[in-house]
Amino acid sequence: MKDLLNSEMMPAPTPDLQGEPRRRRPAAWPGWRVARRFPLLNIGMVLAAVVILASLLAPWITPYPEDAGAVIHPDLVLEPPSFAHWFGTDAVGRDVFTRVLFGGRVSIAIVVGVLLISAVIGLSIGLAAGFFGGWLDAILMRVTDVFLAFPALLLAVALAAMLSASAVNAALAIAFTWWPWYARLARGQAASIRRQGYADAAIVLGAGRARLLIRHLLPNASTAVFVQMSLDAAGIILTAATLSYLGLGAQDPIPEWGLMVAQGQPLATTAWWVITFPGLAILVTAVAFNFIGDGLQNVFDPKRGRS
Amino acid sequence: MGVVVLTFLIARLIPGDPAVAYAGPRATAEQLAAVRERFGLDGSLWEQFATYLSGVAHGDLGISLHTKAPVVEDLFRVFPTTLVLVTIALLLAAIVGIPLGAMAAHSRGRLGDLVAKVISILMVSMPVFWLAILLQIIFFSRLGWVPVAGEYDTRLDATSPLYTVIGVPVVDALLTGNWVVFRSTLAHLILPVIAIAAYPIGAVAMVTRGTLLENLGEEHVRMVRALGFPERSVFARFALRPSLNPIIALLALVFAYALTNSFIVESIFNWPGLGNYAVKSIQSLDVPAILGVTLVVALIYVVLNLVVDLVQAVIDPRVR
Amino acid sequence: MMLEVRDLQISYRDQVVASVPTLDLEPGQVLGIAGESGSGKSQTALALMGLTRYANGVVTGSMVLDGRELLTLSPRQWRLVRGRDIAMILQSPRAALNPTMKLGALFSRTLRLHGMTKDQRGPRMVQALAEVVLDAEILDRYPHEISGGQAQRFAIALVAALRVKVLIADEPTSALDVTVQAEVIDVLRNLRDRHGTAIIFISHDLSVIGELADAVMVMRDGAVVEQGSAESVFNQPTQEYTRMLLAAIPVIGGRSR
Amino acid sequence: MSDLLTVRGLRLGFGKTEVVHGVDLQVLEGPYGLGVIGESGSGKTTIGRAVLRLHPALAGSITYRGRDVLTMTRVELSAYRREVQLVFQDGDGALDPRMSVQSAIAEPLAIHQTVARGGRRDRVAALLAEVGLGSDLLARYPHELSGGERQRVVIARALALEPKLLVLDEPTSALDVTVQERVLQLIERLREHRSLGYILISHNLAVIDRLSESCVVLYQGAVVERGRTRDLLTTPLHPYTRALRAAVPELGVRRPPSTRMLTVGPPQTSSVLQPAGQGCSYADRCPLAVEVCRSQTPVLREVAGREIACHRAEDSLSL
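These protein sequences, in sequence, are chains A, B, C and D.
Numbering follows this note's numbering, with no gaps: position 306 of the first sequence is 643.
Numbering follows this note's numbering, with no gaps: position 71 of the second sequence is 76.
Numbering follows this note's numbering, with no gaps: position 236 of the third sequence is 297.
Numbering follows this note's numbering, with no gaps: position 143 of the fourth sequence is 255.
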């Protein structure tokens, strides 16, 4: 147990017998050998793999795949957990286990969609602002500041209320509130890389803007963006679930975790299982992504270990 | 200013006709026109915006469609309650989160660190609505330890009437020395506060750990160790103080987050605050009210940033 | 002999990073430890301060100061040695001062920690600052408001006020400009002359060590390569590595264009 | 001999503060080294960057082989930067951490298409050999190299375009002495083989002495003394140069503090550098300062075969 997180301790100075010591710092993905020394990262990756596999394979591994849709089993209403129904059944008799697994597909689709949209928009805007500076930077950053002045969830709620309630619209609303964070991150990265000696060196060697951006900026900013994306995956899961819980996301027959909690809320005192398992699913998925994000942070930047 | 434009656009773009929402589905065309005129909904978007802007400048946010009272009055009524709730939750987050993070930093790389980190991550990964419902079921429905719903037991009004001072029962009771009601308000506060504080506790603990570790690796910490200062004061005085600024910045950020979470928690615990008001405004497409709520939130954000800058300047001379 | 070190070995996770068979120091003596990066010189300094434990390292051997074995001390006992018998100044002088504290507060707290009354502290601080040619007005400043040279002199004033027996100076001038470096060396020499403080002066630069040291120890890859009096090491080095180090120092007028 | 690079009246600043106040420099056709001596805050690094147009000039001119550098178009600038290269101090992270040694050195070849793709690998290996490194390092990344190896890679990359002029900004200050010695030898060899002209920026007088024909001493953004390196370092005239020279520790020579011109100066009351205004910027620290030093800014003038900006140069000569 003593060695649990030992890689985070002060690195022992290892004398290099060939003369000058070579700096040892993890600049690129340091490989699985190092990853194994971060227990939370591993637990996170295993959990995430289980969640993703279970939801992808849901149609084949769930006992009642038809329960993911709009079916009613009047004879099976609110059965407590049993061998036949591991997580019990809901108010219209659908198998909660089946619905929880199918729910993962919705959540994962939302996470992927939101991350793609917001990262692409945010990165382009942020990199451009940090790279070119000047008035473009000023304008872009004022715009993102306005967005950031708002609690993201509130903005998403307002947006989702304005669009018609559906999972896709919820994802769009979240993406719309999320991109400024990437813009700011990318801008900071671009500005700091721009100050590095190698950026100047590239200019002196004749590199144009495009080359500087593609060959130097993007690869060096990618680590921070990567870490941020894994941490954000957790935040998006939570936001998406909250929107659905408020009735602003996926609608009834769709098995969405937040929605399932909302539907189960009035019955929760008597049938605890209808809200417990969907909620646990949200928690476990968010924990998995947070573990991964935190672990990656430690791998890439062991000194800081921000969270 | 940007915030005002954004809120206005969002509110105006919400589909559905607010006049219909106000007058009811069976209203006649004349009735609708009258409503539109009364609320300034008949002009072009620009005219509406201009009217609205001049209103904001004069402290007039229009009249709420669902409470039919001036939005400003509504906000003054509901906001203090939420402010008290969120502030208490954040105090709790600081009181629990900072020591938790400090403990993690102290036992860096050992079991205590891992435990603290897992706790923190669980806290920030918790869906707040689910946590609120669970707390309600476990501690109220099952165990019956604490009451839920509302700010205090209104039956007490008969025996110990509460005098209004600022309109927030817990503060009023404290100020007027009404201890019976005060105890009731505290009991009612416990669960909502825990639900709101969960995320901030985790976030504060993680940031505390990170900045503390960063400072512990600094030369100035090595220097005071070399001067013979005991570990306790190395930690509490020399390492923690320069770490406070990032923690304070985080608290401000988390305040905004907690405020939004309080909306959900308030509706679950039936708490008559800003959140409840906001949820009802959205449901009834109450444009002036929605605008008012968003403006208040944005205003809090601005004030908060100001406070953070001031506090940081006091703590760290480099910021001045 | 005031300080006697025997068979000192410093290791992290079972890997030895520095070993010093013998190191002796008398009052008022300046011992220079020279070595390139990775030579183990800074690790030796940490071990002499009893600070290795905070980096999760292990020290074995023996370190006797005025007849008292230091290595077997408890953390509590060590605290009473640090700041009273041994003190340390570091490479980046401004980073070594707490950024949120006025210099006077740090100074005063340190003296209080080591048992000085309020009445004693004021005059002692002013006197110590005068020794390093700093105005007492500096006590009202924060670290970011002073220069690197001033910060290093302030740190030396702290040490002077504490009247320690041994000062460990880990690359105290490497981050400074040459002219400022000369000031700091003068101040250190003054400290030694006035209070008889023994100094362990650690540097990668043999020529700086030559300005001050009576005895010299050359380290490489965690081991002591050569040690002896300054005259013998500089004038008749016995080891090839020492000769190479000495030859590598660029000298003005050494080779002319 | 003709000028390779001429700098006249160069003024540089950050925002509204001017940090370099009208500096003249001259580099002859190689092999030739111009030393720029200065401590932190002297503006020496900014001058180096300005020569490569990495920092905008407020006023003055930079002329490279008769061409005005400051008015060059993008195309001309690109051609100019093929002939003039910059070698950074190692600590600046001059190598992209995500690029292998091979791609780093090949980058200028790829940008300027001077060597066809197929020949690049051989060219890179040849450049590595020229700076004394084996081709086994080609696949390494910067963090897998030692400080000395990294600096050699940076030099090899700068040489890839066959430059005529190098700006060497503290090329060895981050290195251990034994490694520094090898890098100095490398620079010495390259200047002869490739007929290089270079500006060597350093705070280390011995490095300047070894590698430059003439040099300038900068103090707070202005040249205070200029001349042949050997003269200037053996008999420095400006009180600041004298202080610098006296502060250099010399092996086996243990001088009592009193022989230094600058012992522990008066307590400095201000941490910020004085604004450049009236009078000599060195007056506050100068042991020779008199009334005129505080009221009139000295200009460079010829004294005893060199240029010096000091009212008391003649008196300094007789010291």
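By construction, the Cβ of each residue, glycine as well, lies at the ideal position given by its N, Cα and C atoms.
Check, Outcome
"Beta-bridge partners of residue 582 (chain A), as assigned by DSSP", "None, per the DSSP bridge assignment."
"Chain A contact for residue 247 (chain B) (CB, 8 Å cutoff)", "no"
"With 16 other Cβ atoms within 10 Å as the buried cut-off, status of residue 294 (chain C)", "buried"
"Inter-residue spacing [alpha-carbon to alpha-carbon] between residue 301 (chain C) and residue 299 (chain D)", "25 Å"
"Pair within 8 Å by beta-carbon distance, residue 383 (chain A) and residue 622 (chain A)", "no"
"Alpha-carbon to alpha-carbon, residue 455 (chain A) and residue 513 (chain A)", "7 Å"
"DSSP bridge partner residues for residue 331 (chain D) (one or two, in chain order)", "D:334"
"Short Cβ contact (8 Å threshold) for residue 293 (chain B) with residue 129 (chain B)", "no"
"Residue range of the beta strand (DSSP E) that includes residue 287 (chain C)", "284 to 290"
"8 Å Cβ cutoff met for residue 108 (chain C) and residue 71 (chain C)", "yes"
"For residue 434 (chain A), the nearest candidate out of A:440, A:442 and A:424 (CA to CA)", "A:424"
"Same chain, Cβ closer than 6 Å to residue 304 (chain C), neighbours up to 5 away in sequence not counted", "298"
"Residue range of the alpha helix (DSSP H) that includes residue 645 (chain A)", "One cannot answer for residue 645 (chain A) here, as it falls past the ends of chain A, which runs 338 to 644."
"Proximity below 8 Å, CB of residue 210 (chain C) to CB of residue 241 (chain C)", "yes"
"Neighbourhood of residue 110 (chain C) by C-beta distance below 7 Å, restricted to the same chain and skipping five residues each side", "143, 147, 149 and 229"
"Cβ neighbour criterion (16 or more within 10 Å) applied to residue 243 (chain D)", "buried"
"Helix, strand or coil at residue 145 (chain B) [DSSP, three-state]", "helix"
"Simplified DSSP assignment, three categories, for residue 80 (chain C)", "strand"
"Cut-off 6 Å between Cβ atoms - residues of its own chain near residue 268 (chain D), not counting five sequence neighbours on either side", "217, 239, 240 and 243"
"Residue 307 (chain D) versus residue 282 (chain D) - alpha carbon distance", "21 Å"
"Which listed residue (A:416, A:571 and A:441) has its alpha carbon closest to that of residue 430 (chain A)", "A:416"
"Limits of the unbroken beta strand (DSSP E) element including residue 440 (chain D)", "Residue 440 (chain D) is absent from the model: chain D starts at 113 and stops at 431."
"Close Cβ partners of residue 247 (chain D) (< 7 Å) along its chain, the five nearest in sequence each way excluded", "237 and 240"
"Per-residue burial, residue 102 (chain C) [other beta carbons within 10 Å of its own, 16 or more giving buried]", "buried"
"Distance, residue 88 (chain B) Cα to residue 515 (chain A) Cα", "26 Å"
"Cβ contact (3+ pairs, closer than 8 Å) linking the stretch 119 to 128 of chain B and the stretch 220 to 233 of chain B", "no"
"Partners in chain B for residue 571 (chain A), counting only beta-carbon separations shorter than 7 Å", "130"
"Helix, strand or coil at residue 259 (chain C) [DSSP, three-state]", "strand"
"Range of the contiguous alpha helix (DSSP H) that encloses residue 501 (chain A)", "Segment: none, residue 501 (chain A) is in no alpha helix (DSSP H) and carries neither H nor E."
"6 Å CB neighbourhood of residue 399 (chain A) in its chain, flanking five on each side removed", "435 and 438"
"heavy atom of the ligand MG below 7 Å from residue 270 (chain C) C-beta", "Summarising the ligand content, the structure contains no ligands, and the ligand MG is consequently not present."
"Stretch pair the stretch 149 to 162 of chain C + the stretch 115 to 132 of chain C: three plus CB contacts closer than 8 Å", "no"
"Assigned exposure category for residue 551 (chain A) - 16 Cβ within 10 Å defines buried", "exposed"
"DSSP beta-bridge partners of residue 75 (chain B)", "B:68"
"Residue 299 (chain C) in three-state terms, based on DSSP", "coil"
"Residue 210 (chain D) (DSSP reduced to helix, strand or coil)", "coil"
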